[in-house]
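Residue numbers (the working numbering): 496 to 936.
Glycine included, every Cβ here is placed at the ideal spot set by N, Cα and C.
Just so you know, these numbers come straight off a predicted model, no measurement behind them.
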Amino acid sequence: MAPAAKDLRTKEERLYAIKLRTAQWEVASDSLEMENRKSELEAIQDLYEDKIETLSSLNRARRSYQQANFDYEQAVFELKRTRLDFLRDATHLTIRKAVKYRTRDGRRQVDITIENASNLDQAVFLNPGRTAAEVRPLLEVQNIKVSILESPMSRVVIADPYEMTVPSLKLGATSTLTFRLLQDEDAVVIAMDMLDDQQHDYIVLRRESLEDIPTINSVQFSQEGELNDRIRYDLILERLADDEKTFRLAIVNLPHEIDPSFRDPATSANLTQVKFSEEVTRQQLELELQIPEKLSRKYVDQIIEFYVFITDQEGFLQIGELNRKYGNRSVPLEEVNSIKGDKERFELIPRGKAALEALIANRYQEVKTGEEVMVRVDLLNTGTLEVEGVYLVLTPPLDWTYTTQPDTIAKILPGDKEPVNITLVPPPDLGVSEYDVRVEA
């Protein structure tokens with residue numbers, strides 16, 4: 496006697512075979528019962544017509560046939576449902592790729608690639624009367640709804656659009672969906688709903704970059720500051736990649752009179768380069784600008800537009816060449832846009848202030864009746880802007896008159912001092928007393 500062939504089917508396939516065979520037996524059994532009841536009904540129908548069987552017997556036979564027919568239809572339905580349940584078990588969607596990156600305009604996006612990785616062999620096994628070509632269309636998945644959730648325990652959707660639909664996905668086919676992350680996460684749950692089935696996959700996002708250059712952003716991109724002040728801008732640098740690389744920081748179109756420095760706020764160290772790695776993908780720095788006290792007048796109260804770049808060595812050399820080419824002139828925007836790297840536009844408005852102080856060496860004088868009073872006032876510009884068209888305004892006692900020499904000072908530079916001589920003339924009938932004179936510039 497030949498030995499029995501070894502059953503190479505998996506445990507699941509053997510279980511499917513048992514359930515399928517049971518469902519098929521139920522169909523065959525109910526079909527036989529239905530045929531028997533049909534034959535009985537036809538026989539009783541003939542006897543009833545010959546007045547041998549009663550109407551009650553005919554009705555019982557008819558009800559028995561109807562019940563047998565119902566049982567048969569139910570068994571056929573259960574067989575189809577069993578096959579569909581097994582076919583659903585053979586149907587599987589997999590996340591082939593999940594990549595997080597930042598676009599050139601600074602948005603965080605995720606590309607999700609879904610593949611129909613259904614088990615064709617299992618599906619063919621469940622349909623022994625069909626070929627693989629005939630079974631393949633049965634594994635096509637339709638109306639797949641995909642959304643991105645915050646965590647396995649949360650139903651919070653953290654991507655825009657909130658839900659995307661794949662109309663159809665054939666066996667072996669893939670579909671890539673692009674979402675914008677509403678909050679930055681390194682791991683998310685990809686939820687897929689299809690028909691009456693749900694699939695939730697907890698995925699760690701792979702980081703990539705559209706270009707091998709970090710992105711640079713700032714919240715405080717426009718600021719004002721007085722002369723001789725220090726102004727700080729925040730810098731947020733981010734690189735979504737898994738390798739280690741160093742990049743350079745540079746500035747374009749900032750006047751040479753203003754001293755810049757890149758600082759690490761945690762250590763206060765000055766930086767010219769930053770390093771990114773798989774562990775370090777985001778850095779927060781500061782750009783500090785020292786506005787000189789004697790900044791050129793053409794920059795005061797004007798918007799200074801400049802750019803901060805993060806770039807590689809090639810882009811850094813390109814910036815150096817442009818700075819040498821244009822010197823103290825601004826690099827044109829088309830040239831700025833040609834620089835390799837990522838940039839952020841900044842604005843600085845240096846604010847100057849004008850302040851005059853009247854210095855009088857001798858604030859108290861004694862004079863005789865009929866004498867004129869001579870007073871020297873030195874006007875000191877204690878501000879950061881030059882002052883033009885300066886003159887004195889006096890408030891003398893009643894009936895007193897005065898003259899100033901000079902009447903008007905054309906210009907006083909910051910830190911400079913200009914003298915004004917005042918001559919006060921009292922009235923002829925002046926009595927002996929103390930008199931106050933108010934002096935304003």
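Check whether residue i and residue j have beta carbons under 8 Å apart
i	j	result
I907	E935	no
A736	D707	yes
I834	Q779	no
V683	I643	yes
Q785	R725	yes
E781	R758	yes
F801	L749	yes
R727	E783	yes
I814	V885	no
Q637	P662	yes
L666	L690	no
K848	G878	yes
K770	E739	yes
L817	E830	yes
P787	E752	yes
E883	A905	yes
Cutoff 7 Å; reference residue i; Cβ partners in own chain excluding five residues on either side
i	result
M496	Residue placement at M496 is flagged as unreliable, the pLDDT there being 47, under the threshold of 50; a coordinate-derived value is accordingly withheld.
S650	According to the sequence shown, residue 650 is Arg rather than Ser. L644, listed in sequence order.
L536	A556, R557, Y560
L812	none
W520	none
L925	T864
R858	none
E548	I539, L542
E867	T918, L919, V920
Contact test: residue i Cβ vs the ligand ZN heavy atom, cutoff 7 Å
i	result
I844	As for the ligand ZN, it is missing from this structure, which has no ligand bound.
Environment of residue i [buried if 16+ CB atoms lie within 10 Å]
i	result
R734	buried
N832	exposed
V870	buried
P921	buried
V915	buried
A538	exposed
P901	exposed
M648	exposed
T918	exposed
L588	buried
P909	buried
L664	buried
I711	buried
G836	buried
A654	buried
Close-in-space but distant-in-sequence residues of the same chain around residue i (CB under 6 Å, 5 per side omitted)
i	result
L503	Because the pLDDT at L503 is just 48, under 50, the model does not fix this residue reliably, and the value given afterwards should be weighed accordingly. Once the five neighbours on either side are set aside, L503 has no close Cβ partner at all.
T660	K640
V619	A627, V630
P760	E781
D754	Q785
N622	V630
S763	none
A686	S642, L644, H695
K533	Y560
8 Å contact criterion, which residue i and residue j should meet: CB distance rounded
i	j	result
T671	T608	5 Å
L893	V872	Their Cβ separation, rounded to whole angstroms, is 22 Å, which puts L893 and V872 out of contact at 8 Å.
L677	V605	The Cβ separation is near 11 Å, so there is no contact.
V699	D681	7 Å
A563	M529	4 Å
N614	A668	Not quite, the Cβ-Cβ distance comes to about 15 Å (not below 8 Å), so this is no contact.
L875	L851	7 Å
F742	Q768	7 Å
R591	R597	No, R591 and R597 are not in contact; Cβ-Cβ is about 22 Å, not under 8 Å.
R702	T806	Incorrect: roughly 20 Å between the Cβ atoms, too far for contact.
Spatial neighbours of residue i in its chain, beta-carbon cut-off 8 Å, leaving aside the 5 residues before and after
i	result
I798	E842, L843, I844
D931	P892
D566	D525, E528, M529
L550	Y543
L766	L744, F757, R758, D759, L780
G720	I726, L784, I786, L843, I844, P845, R846
E658	K640, V641, S642, V652
Interface flag, residue i vs chain B, CB-CB below 8 Å
i	result
A563	No chain B appears in the structure shown, which is made up of a single protein chain.
Discussion item. Below 8 Å, how does it come out for the segment 833-850 and the segment 715-731: are there three or more Cβ pairs, yes or no?
Written reply: yes
Fill in: contact_flag[the segment 693-701, the segment 554-566] where n(CB pairs < 8 Å) is 3 or more
no
Worksheet item: Counting pairs of beta carbons, one from the segment 563-576 and one from the segment 520-533, are three or more of them closer than 8 Å?
Response: yes
Worksheet item: When the Cβ atoms of the segment 896-906 are set against those of the segment 856-866, are three or more pairs found closer than 8 Å?
Response: no
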